[in-house]
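First the structure, in the form of structure tokens, and then the observations on it.
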Amino acid sequence: MNHILVTGGAGFIGSNFVRHMLKKYPHLKITNLDALTYAGNLDNLKDIEKDPRYRFVQGDICDEKIVAEAMDGCDAVVNFAAETHVDRSIHAGDLFVMTNVKGVYVLCEEARRRKVQRFLHISTDEVYGSRLEGYFKETDPLSPSSPYSSAKAGGELLARSYFVTYDLPVLITRSSNNFGPFQYPEKLVPLFVTNLIENKSVPVYGDGKQVRDWLFVEDQCEGLDLVLHKGELGEIYNCGSHNEEFNIDVTMAILKLLGKGTDLITYVQDRPGHDRRYAVDTDKFKLGWVKKHNFQQGLEKTVKWYVENEQWWRAIKQKQADYKAWMDKHYKPLEAK
Ligand code: NAD
Ligand code: TYD
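Under the working numbering, the letters of the sequence shown match residues 270 to 606, in that order.
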């Protein structure tokens, strides 16, 4: 592998992965194709943007022409590009279908035409749906609950079909909840950490007893690198960390690290269709991968990063506030008109 097309490389996991790969492989080239949606941020890669082995292309993975241009010269593809926030998918699912399904189709088509050596598609443990006990194996049926996870399921089924039908060298990972530096402050960990730094309250959905398996993003990147190099073509790998925590315990741990009190917790209305628990069996994923961070270690690093990088997330939160003010001014609720 000499030249990888990374899609969605300006997002959270994608940017950590680009940095990890350039550091680890001195001769590797990376092209990053990213549409720079609200979640894409070139500040995530400021430290490597001048590296001669790195090239950025702004564009949509649904756009055949730009995908063809970006994939030119690449011998592998790693697809992170996606709409990723469950709550947004509940309000408006159309973009999720476009990027998470049609976008995968466009990438697969171009990769097939170019005969790339590896096509790693990043999927999610959410495609299995919820289970209260035990662990999902890669062979278990899919039962996604949200428009986000359904679209992700559609995308990965499509990618797998390209292996079966066209011998496209597809590998799929189903990852659990990632956390770490550069995560957009709409997901639980960065939203809560940044709100608390600002002395704002944190909205816990429902009873806060939902369980997620928290995977520190640096461990995730090492795991993905391993699957990319050593995974068996056509196979699916659950990528979890066995750091299972109730949301309320994650909240308490963040409060403790920041020295804040429980008065900042607000229980709010639950998310519709909220999955109770995600949990995957990771035996197949081993491939020599050993996680380096337990939940507490990962969380300490993460909180420290957000404390030390206020300008990064304050710029994002300012944009969110400007957008909300603009919407409030121009789009009044119907009854107010
Ligand atoms: P993110 O939302 O932080 O980043 C997504 C990136 O994709 C952004 O840079 C965005 O600009 C880009 N993008 C979106 N639509 C695009 C399009 N049409 N064309 C090109 N670029 C586009 O996401 P993330 O949390 O880094 O997740 C990356 C991948 O990992 C996703 O496929 C997601 O489903 C999967 N995943 C994430 C988690 C998690 O906990 N974050 C867990 C399991 C799987
Ligand atoms: P999230 O980070 O959105 O990831 P996902 O929905 O993909 O698991 O949410 C993680 C958990 O935290 C999930 O059970 C929903 C919950 N949650 C809250 O309680 N409050 C919040 O403000 C958010 C964003 C999430």
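In this text, a Cβ means the ideal position worked out from N, Cα and C, and glycines have one as well.
Whose C-beta lies closer than 7 Å to the C-beta of residue i among residues of the same chain, with five residues either side of it excluded?
i, result
"S444", "I391, T393, D394, L484, Q489, C508"
"F564", "W483, N512, E514"
"A339", "L274, T300, L302, V326, G328"
"W581", "D312"
"K529", "L465"
"R400", "R546, A548"
"G372", "I330, C331, A350"
"T368", "I330, C331, A350, A351, E352"
Mind checking who residue i pairs with in its DSSP beta bridge?
i, result
"D316", "Beta-bridge pairing links D316 to no other residue."
"E514", "R481"
"H272", "K298"
"R546", "V480"
"Y474", "V537"
"D303", "Q327"
Is it buried or exposed for residue i, if we count other Cβ within 10 angstroms and need 16 for buried?
i, result
"M596", "exposed"
"G342", "exposed"
"Y431", "buried"
"T531", "exposed"
"P410", "exposed"
"D450", "Strictly speaking, residue 450 in this sequence is Pro, with Asp absent from that position. Under this definition P450 is a buried residue."
"N447", "buried"
"E487", "buried"
"N285", "buried"
"V346", "buried"
Return yes when at least one heavy atom of the ligand PLP lies under 7 Å from the C-beta of residue i, else no.
i, result
"T408", "You won't find the ligand PLP in this model; what it holds is the ligand NAD and the ligand TYD."
Looking only at C-alpha atoms, which of the options sits nearest to residue i?
i, options, result
"D476", "R381, D363, D539", "D539"
"V537", "E318, V471, L376", "V471"
"V385", "F461, M290, D344, W581", "D344"
"N310", "K588, N446, G503, M367", "K588"
"R501", "L426, Y294, F388, I523", "Looking at the sequence provided, one finds Glu at residue 501 rather than Arg. Nearest of L426, Y294, F388, I523 to E501, Cα basis: F388."
"L314", "R357, Q452, E352, S419", "Q452"
"S510", "F405, E379, H562", "H562"
"P438", "V496, V519, H354, E569", "V496"
"L628", "F281, D320, R322, Y307", "Past the boundaries of the shown model lies residue 628; the chain is included only from 270 to 606, so the question cannot be answered."
"T353", "G277, V287, E407, L291", "G277"
"D356", "P459, T520, S418, N516", "S418"
"K553", "N271, I282, Y506", "Y506"
"P541", "T535, I517, H360", "H360"
"K525", "V559, K573, W558, N369", "K573"
"Y404", "Y575, V462, R481", "R481"
"Y294", "D320, A304, F281", "D320"
"H272", "I282, V287, A279, F281", "V287"
For residue i, which residues in the same chain have their Cβ closer than 6 Å to its Cβ, ignoring the five residues on either side in sequence?
i, result
"K499", "L556"
"A422", "V396, L411, P413"
"Q479", "N516, R545"
Using C-beta distances below 8 Å, list every residue in its chain close to residue i, excluding the 5 sequence neighbours before and after it, in chain order.
i, result
"K606", "Note on K606: pLDDT 47, under 50, position unreliable in the model; no value is reported."
"R324", "K298, I299, T300, N301"
"H289", "E487, C490, E491, D494"
"V336", "L302, G328, I330, V375, L376, E379"
"V473", "N516, I517, T520, I534, T535, Y536, V537"
"E579", "I466"
Next item on the list: Report the residue ranges of all alpha helix (DSSP H) runs contained in full by the stretch 388-467; include only those spanning at least 4 residues, in chain order.
Entry: 416-435, 457-466
Notebook entry, point to check: Residue ranges of each alpha helix (DSSP H) run of no fewer than 4 residues wholly in the stretch 322-370, ordered along the chain?
Noted result: 333-340, 355-360, 363-366
Next item on the list: Counting only runs of 4+ residues fully inside the stretch 497-541, write out the alpha helix (DSSP H) ranges in chain order.
Entry: 516-526
Notebook entry, point to check: What are the start and end residues of each continuous alpha helix (DSSP H) run of 4 or more residues lying completely inside the stretch 546-604, in chain order?
Noted result: 564-577, 579-599
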